[in-house]
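For reference, the structure discussed in these notes is given below.
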Amino acid sequence: MTRLQSTAPSTLQKVWKDFLEPIVFAVVITQFVATLVGVDGVSMMPNLRDRERVFVPKYETWLHKAGVGDFSRGDIVIFKPPAAASAQIGNLNKNFLGLWDYRPFLIKRVIGLPGDTIKVQGGEVTVNGVKLDSGWTTDYWRQQGCWDNQSELANNTTSSRAGVMPDQAEITVPPAQYFVMGDNRTANGSEDSRLFGTVQRRDVAGRAAAVIWPIMRKTNATYDCASERVGELSGANKLNWRLLSRPAAFDTLKSELKK
């Protein structure tokens, strides 16, 4: 009878199986299938709160970059800010252990697509001459008492405040780029396309599709306009798992633009 003789795995095979294979698998999944991203700050309040974690289907991004589909107005996207702006705006430039600088990922909402003409005036946004009803976020800021319709950011589509962009009453979004804004519509609530310009498609990591963490959250969140931070969390705990669908106003806008 012939016996099959087992061969012990080599050191390289063992290293691959125990250490490298899980790492490679994790990288492939997070880069090409899906990943989780943490929200850092209050620029997307009231719709996203600090330290929430969102689910990002990365396969969508690769399809868009390959010319299949595109992001839509109203989508919440994760992206790196323009390199030139990152070099000049402190919050957009981070350092890793004193070794190298990098552009941190930001999370904002797509307002304008390639070819759109965007105008911001008196805190209101128009797209291709049609007013976008931003009540899904401005109603909250009016209630808090700090909705901004007076600052240079509220009255310029791009502002020279940060020394990156010129003051412009309106702009047309270039090909393969997006105009993004935060949902926080206070005077200093969001560093977005009004300060650093449009975002390249290649710098978009993906769309935030759902909130998955924390599992529960307080119903109400007030905002302290003076300190520019969350004031009080109150009310009953409710399930926080939710899809991040586009506000209905963007569907209305799309219908108006087709007329």
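Counting from 357, one number per residue, gives the positions in the sequence shown under my numbering. Ideal Cβ positions, reconstructed from N, Cα and C, are used throughout, including at glycine.
Worksheet item: Ordered along the chain, which non-local residues of its own chain (more than five positions away) have a Cβ less than 6 Å from that of Met401?
Response: Counted from its first residue, the sequence shown places residue 401 at position 45. Excluding positions up to five away in sequence, the list reads Asn540.
Discussion item. Looking only at its chain, what residues have a beta carbon closer than 7 Å to the beta carbon of Arg517, apart from the 5 residues adjacent to it on each side?
Written reply: Your numbering for residue 517 matches position 161 in the sequence shown. Excluding residues within five positions, the ones whose Cβ falls inside 7 Å are Glu508, Leu509 and Leu551.
Worksheet item: Taking DSSP as the reference, what is the three-state secondary structure of Lys436?
Response: Counting from 1 along the sequence shown, the entry for residue 436 is found at position 80. Reduced to three states, the DSSP call for Lys436 is coil.
Fill in: Segment limits, alpha helix (DSSP H) that includes Ser611
One-based indexing of the sequence shown puts residue 611 at position 255. Residues Ala604 to Lys614.
Worksheet entry | Every unbroken beta strand (DSSP E) within the region 386-461, with a cutoff of 3 residues, ordered by chain | At a cut-off of 3 residues, the continuous stretches assigned as beta strand (DSSP E) that sit fully inside the region 386-461 are 391-394, 409-412, 432-435, 450-452 and 456-458.
Practice prompt. Can you grab the Cα-Cα spacing for the pair Asn576 / Arg598, in whole Å?
Written response: Position 220 of the sequence shown, counting from 1, holds the residue named residue 576. Position 242 of the sequence shown, counting from 1, holds the residue named residue 598. If I take the Cα positions, the gap works out to 16 Å.
Worksheet item: Where do the N-terminal and C-terminal ends of the beta strand (DSSP E) with Gln500 fall, by residue?
Response: Residue mapping note: residue 500 aligns to position 144 of the sequence shown, counting from 1. Counting along the chain, Gln500 falls outside any beta strand (DSSP E), though it belongs to the alpha helix (DSSP H) covering Gly491 to Gln500.
Fill in: Coil, strand or helix - Ser549 by DSSP
Within the sequence shown, residue 549 is the residue found at index 193, counting from 1. Helix at Ser549.
Worksheet entry | Gln338, buried or exposed, once every other Cβ within 10 Å from all chains shown has been counted against 16 | This structure gives no information on residue 338, because the portion of the chain shown stretches from 357 to 615.
Fill in: Per-residue burial, Glu408 [other beta carbons within 10 Å of its own, 16 or more giving buried]
Counting from one through the sequence shown, the residue named residue 408 turns up at place 52. That one is buried.
Practice prompt. Examine the Cβ distances between the region 576-595 and the region 437-454 and report whether three or more of them are shorter than 8 Å.
Written response: no
Worksheet item: Whose C-beta lies closer than 6 Å to the C-beta of Val529 among residues of the same chain, with five residues either side of it excluded?
Response: The sequence position of residue 529 within the sequence shown is 173, counting from 1. Contacts found: Gly468, Pro470, Asp472, Phe535 and Thr554.
Worksheet item: Nearest-angstrom Cα distance between Arg602 and Asp431?
Response: Counting from 1 along the sequence shown, the entry for residue 602 is found at position 246. Counting from 1 along the sequence shown, the entry for residue 431 is found at position 75. Rounded to the nearest angstrom, the two C-alpha atoms are 6 Å apart.
Discussion item. Let me check understanding here. Comparing Cα to Cα, which of Met521, Thr493, Glu588 and Gln477 lies closest to Lys487?
Written reply: Taking the first residue of the sequence shown as 1, we reach residue 487 at position 131. Closest option to Lys487, Cα to Cα, is Gln477.
Worksheet item: Taking just the CA atoms, how far does Arg405 sit from Gly591?
Response: As a position in the sequence shown, residue 591 is number 235, starting the count at 1. As a position in the sequence shown, residue 405 is number 49, starting the count at 1. In a straight line, the C-alpha of Gly591 is about 16 Å away from that of Arg405.
Worksheet item: If you drop the 5 nearest sequence neighbours on each side, which residues of the same chain put their C-beta closer than 8 Å to that of Lys614?
Response: The count along the sequence shown starts at 1 and reaches residue 614 at position 258. So no residue of the chain qualifies.
Discussion item. Between which residues of its own chain and Pro531 is the CB-CB distance below 8 Å, once the five residues before and five after are set aside?
Written reply: One-based indexing of the sequence shown puts residue 531 at position 175. Same-chain partners within the cutoff: Pro470 and Gly471.
Worksheet item: Could you give the distance in angstroms between the alpha-carbon of Ile385 and the alpha-carbon of Arg563?
Response: Stepping through the sequence shown from its first residue, residue 385 is reached at position 29. Stepping through the sequence shown from its first residue, residue 563 is reached at position 207. In this predicted model, Ile385 has a pLDDT of only 44, less than 50, meaning its place in the structure is not dependable enough to derive any value.
Worksheet item: Taking the beta strand (DSSP E) that Gly471 falls in, what are its first and last residues?
Response: To locate residue 471, count along the sequence shown from 1; it is residue 115. Per DSSP, Gly471 belongs to no beta strand (DSSP E) and is neither H nor E.
Worksheet entry | Paired residues, beta bridge with Asp580 - DSSP | Within the sequence shown, the letter at position 224 stands for residue 580. Note: Asp580 sits in a beta bridge opposite Arg585.
Discussion item. For Glu526, list the residues DSSP reports as bridge partners.
Written reply: Counted from its first residue, the sequence shown places residue 526 at position 170. Answer is Lys475.
Fill in: Residues that DSSP places opposite Met572 in a beta bridge
Translated into the one-based positions of the sequence shown, residue 572 becomes position 216. Beta-bridge pairing links Met572 to Leu595.
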